[in-house]
Amino acid sequence: MTASQSALQGTTPGKPKLAFRPLPVPQVDARGFWGDRVDAVATRTAGILYDRCVEARMLEQIDPDRPSPGVVIPFHSPSPDEAATAGNEFTGSTVTTQMFWDSDWGKTIETAAYSLYRRRNDALEKKIDAVIDMYGKLQQPDGYLSSWYQRIQPGLRWTNLRDCHELYCAGHLIEGAVAYYQATGKRKLLDIMCRYADHIAETFGPEPGKKKGYCGHEEIELALVKLARVTGQQKYMDLAKYFIDQRGLEPHYFDEEARARGADPKAYHFKTYEYSQSHKPVREQDKVVGHAVRAMYLYSGMADIATEYGDDSLRVALDRLWDDLTTKNLYVTGGIGPSSHNEGFTADYDLPNETAYAETCASVGLVFWASRMLGMGPNARYADMMERALYNGSISGLSLDGSLFFYENPLESRGKHNRWKWHRCPCCPPNIGRMVASIGSYFYGLSDDALAVHLYGNSTARFDIAGTQIELTQASNYPWDGTVSIGVEPEAPTTFTLHLRLPAWCRKAALKVNGEAVDLDDVTSDGYAAIRREWHKGDQVELDLEMAVDRLYANPEVRQDIGRVALARGPLIYCVEETDNAGQLHRIALPRTANIEAHKQPNLLGGVVTLSALARKEAFESWDNGLYRTEPPAVEEAKVTAVPYFAWDNRDPGEMLVWLRDS
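All residue numbers for the sequence shown refer to full-length UniProt numbering, where the first residue is 1 and numbers rise by one.
And the structure:
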């Protein structure tokens with residue numbers, strides 16, 4: 001690691017010794033499967049995000065040199081349907097604006113930042129610099145910065161944290177600022193957001209005279225942790241902890257602020273504080289409830305604070321919530337939140353397939369949460385879920401060429417659910433863009449004397465332990481193949497522990513160090529093999545993960561999946577598409593005795609492994625114009641081909657199905 005890279009990583013006073021930090025994006029080079037996706041974001045998605053923000057006239061809201069552009073939206077918490085239709089509707093020279101556009105700019109800046117690190121793009125950098133200049137001009141002398149409250153509803157700052165995304169927008173701009181500094185070395189936006197964070201710290205806190213509030217849409221907590229880490233300023237970490245600790249306390253802040261502005265505290269859209277996970281103090285919560293993205297961001301912030309402060313009370317609550325999500329409220333793809341009504345959770349085991357909301361942002365949020373749980377130490381229960389959400393429920397939201405998007409990610413489609421260019425509530429495109437562009441930060445976790453390998457695939461990581469610079473290189477055709485070769489190159493002999501994840505989907509694994517077999521039973525804990533030794537230049541680790549095809553069955557409480565089976569291979573969930581299987585996918589039944597074969601298809605969907613089997617299918621036959629009859633339908637043999645779920649709807653539009661009938 002270079003001196004500049006060390007500075008980017010930052011320090012935080014009081015960090016627990018065993019905390020594992022993600023490596024900053026500039027310290028990891030991704031190649032292979034993820035390298036292709038990062039390249040797609042760098043070459044296409046990042047520019048598309050900027051262009052479509054401009055087309056939506058978002059620049060007009062942040063440019064102080066232009067007249068205020070917007071029509072004021074009624075002052076209430078919008079329903080998801082309203083949020084989806086409220087933006088980009090033009091009436092003459094005016095445009096209906098959205099209160100969360102600053103967050104879309106923040107995520108667009110973050111995506112552009114990591115893309116610029118990957119691939120130089122002077123034109124894009126110039127455009128982002130111009131956006132940053134606008135925010136610099138817009139910022140008020142006391143540090144406050146919100147295009148909505150400065151340009152659309154001036155004079156109402158900090159009056160409706162419950163509904164109006166003020167701190168949420170600040171959080172995404174902070175994350176964009178940290179990323180832009182890390183990728184380009186430019187401090188302008190970072191300095192702007194430090195001034196804003198200082199203003200927020202002067203406004204909120206436990207001290208007399210300060211507001212006791214927190215945001216209705218969590219996000220600021222994650223951002224302040226990143227800001228603390230990159231600047232080394234403990235005050236930002238303490239503010240993040242305050243927002244976590246304050247949430248849900250009585251008297252309820254959202255009630256008090258409503259009364260202060262002359263409103264009825266009960267007169268808002270969702271009528272329950274479960275929607276924003278503020279119904280109880282966070283340490284008392286035991287069920288995942290409400291808006292799925294908000295929940296994931298809250299739990300991510302809680303995990304960061306648990307890691308930084310060694311807070312076991314938060315860890316206990318997080319484990320309760322994790323168990324509730326993963327045993328009762330999770331799609332097999334890693335998607336979460338079945339309902340479009342609240343963009344979130346409903347009842348235990350309610351996991352409909354065709355109407356699944358499973359917002360891209362929510363699966364991205366699950367990746368965030370899982371990765372932050374790994375800050376408290378390597379544990380495969382979190383890393384396995386991070387991998388499941390990464391490879392399935394999240395990147396399904398981005399087309400293979402990086403130009404089209406999904407907001408919802410159902411597990412069944414009759415052919416009408418297709419990718420779109422943009423969305424009137426455009427949170428998902430930049431969210432999946434920034435996650436993919438920063439994928440290297442999810443691969444590894446670094447502590448004082450250990451490196452954890454959470455994800456496998458072609459990559460190179462640069463880091464230091466005890467002042468010694470080390471380079472670790474993975475060579476693998478993952479996720480299509482489970483053979484992983486790892487080379488370790490320390491500048492000088494160095495003792496540290498290398499933690500290697502043994503995925504739960506792997507039935508058989510083998511490990512060698514410099515050609516000598518390692519007994520995995522002796523070195524494995526919490527799903528990670530721990531190799532502690534003095535490492536020398538040229539040391540080689542060989543990990544072989546058997547990658548068999550699995551048939552997955554849902555808990556019988558999930559009524560939508562009774563009598564159905566899903567297919568998986570390694571970290572990937574598979575689906576069948578009409579383009580491969582002649583439509584009428586609901587007619588297919590997969591016998592339990594069917595032999596399922598894996599086939600490498602280098603020229604299909606950018607190079608994938610498909611699954612195929614002989615199945616049964618109700619034949620196309622005449623029913624004499626009747627709807628019912630006493631004889632069962634004729635059944636014929638049919639070859640079925642399945643492709644990775646993340647790649648569906650990248651060819652001809654058509655039906656799709658994850659859960660096949662089991663026979």
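We treat Cβ as the ideally placed atom computed from N, Cα and C, and that holds for glycine.
Start-to-end residues for the beta strand (DSSP E) that takes in residue i
i, result
"Arg294", "No beta strand (DSSP E) contains Arg294, which is instead part of the alpha helix (DSSP H) from 292-309."
"Lys550", "Note that residue 550 is Asp in the sequence shown here, rather than Lys. Asp550 -> beta strand (DSSP E) spans 549-552."
"Thr111", "Run containing Thr111: none in the beta strand (DSSP E); it sits in the alpha helix (DSSP H), 101-118."
"Ala450", "450-453"
"Gly445", "444-446"
"Phe496", "494-501"
"Gly47", "Premise fails: Gly47 lies in the alpha helix (DSSP H), 46-55, not in any beta strand (DSSP E)."
"Leu610", "Position check: residue 610 holds Thr in this sequence, whereas Leu was assumed. That run of the beta strand (DSSP E) goes 608-618."
"Arg511", "Note that residue 511 is Leu in the sequence shown here, rather than Arg. First-last of the beta strand (DSSP E) with Leu511: 509-513."
"Ile588", "588-590"
"Gln246", "Per DSSP, Gln246 belongs to no beta strand (DSSP E); it is in the alpha helix (DSSP H), 234-246."
"Glu597", "597-601"
"Ala594", "That residue, Ala594, is in no beta strand (DSSP E); it is neither H nor E in DSSP."
"Arg661", "660-662"
"Ser485", "483-490"
"residue 695", "This structure cannot settle anything about residue 695, because the visible part of the chain is limited to 1 through 663."
"Trp535", "528-535"
Endpoints, alpha helix (DSSP H) assigned at residue i
i, result
"Tyr253", "253-260"
"Arg434", "428-437"
"Asp544", "Careful: Asp544 lies outside any alpha helix (DSSP H), inside the beta strand (DSSP E) at 539-545."
Straight-line gap, residue i to residue j (C-alpha atoms, nearest Å)
i, j, result
"Ala548", "Ala594", "15 Å"
"Gly35", "Ala461", "14 Å"
"Glu110", "Tyr149", "23 Å"
"Leu318", "Asp401", "36 Å"
"Asp245", "Arg551", "43 Å"
"Asp142", "Tyr196", "8 Å"
"Lys266", "Gly290", "17 Å"
"Pro74", "Gly654", "Residue placement at Pro74 is poorly supported in this model, since its pLDDT is 39, which falls under 50; the coordinates are not used for a value here."
"Ala383", "Glu534", "26 Å"
"Gly365", "Asp522", "35 Å"
"Thr495", "Pro281", "42 Å"
"Glu577", "Val658", "9 Å"
"Tyr574", "Lys508", "21 Å"
"Pro417", "Glu250", "Reading off the sequence, residue 417 comes out as His, not Pro. Between His417 and Glu250, the C-alpha separation is close to 44 Å."
"Ala529", "Lys235", "37 Å"
Supposed close pair residue i, residue j - CB separation, criterion 8 Å
i, j, result
"Glu218", "Ala240", "11 Å between Cβ atoms; not a contact."
"Val558", "Leu500", "Not quite, the Cβ-Cβ distance comes to about 33 Å (not below 8 Å), so this is no contact."
"Thr497", "Ile470", "In fact, because the Cβ distance is near 13 Å, the residues do not count as touching under 8 Å."
"Gln540", "Ser485", "7 Å"
"Ala356", "Asn409", "7 Å"
"Phe405", "Arg419", "6 Å"
"Ile174", "Leu116", "The Cβ separation is near 18 Å, so there is no contact."
Local conformation of residue i per DSSP, three classes
i, result
"Gln474", "strand"
"Val518", "strand"
"Thr641", "strand"
"Ala568", "strand"
"Gln469", "strand"
"Tyr628", "coil"
"Ala461", "strand"
"Trp648", "coil"
"Gln277", "coil"
"Tyr574", "strand"
"Lys211", "strand"
"Leu224", "helix"
"Pro26", "helix"
Closest residue to residue i among the options (Cα-Cα distance)
i, options, result
"Asp102", "Asp63, Asn121, Glu125, Ser115", "Asp63"
"Glu637", "Gly626, Trp623, Ala615, Tyr444", "Ala615"
"Asn160", "Gly136, Lys210, Ala260, Gly515", "Ala260"
"Asp238", "Ser276, Met302, His172", "Met302"
"Thr473", "Lys600, Arg381, Leu451, Tyr50", "Leu451"
"Thr272", "Asp255, Cys428, Thr231", "Asp255"
"Lys126", "Thr579, Trp158, Trp420, Tyr180", "Tyr180"
"Gln182", "Leu23, Leu604, Leu249, Ala380", "Leu23"
"Asp113", "Ala647, Glu546, Met435, Gly607", "The question names Asp, but residue 113 in the sequence shown is Ala. That would be Met435, whose Cα lies nearest to the Cα of Ala113."
"Thr584", "Glu412, His252, Thr327", "Residue identity check: residue 584 is Gln in the sequence provided, not Thr. For Gln584, the nearest C-alpha among the options comes from Glu412."
"Pro69", "Ala642, Val38, Ile152", "Ile152"
"Glu343", "Arg294, Ser313, Asp39", "Arg294"
"Gly467", "Asp448, His341, Asn431, Tyr456", "Asp448"
"Gly482", "Pro503, Val488, Val288", "Pro503"
"Ser363", "Leu124, Thr579, Gly334", "Gly334"
"Asp104", "Arg120, Ser147, Asn121", "Ser147"
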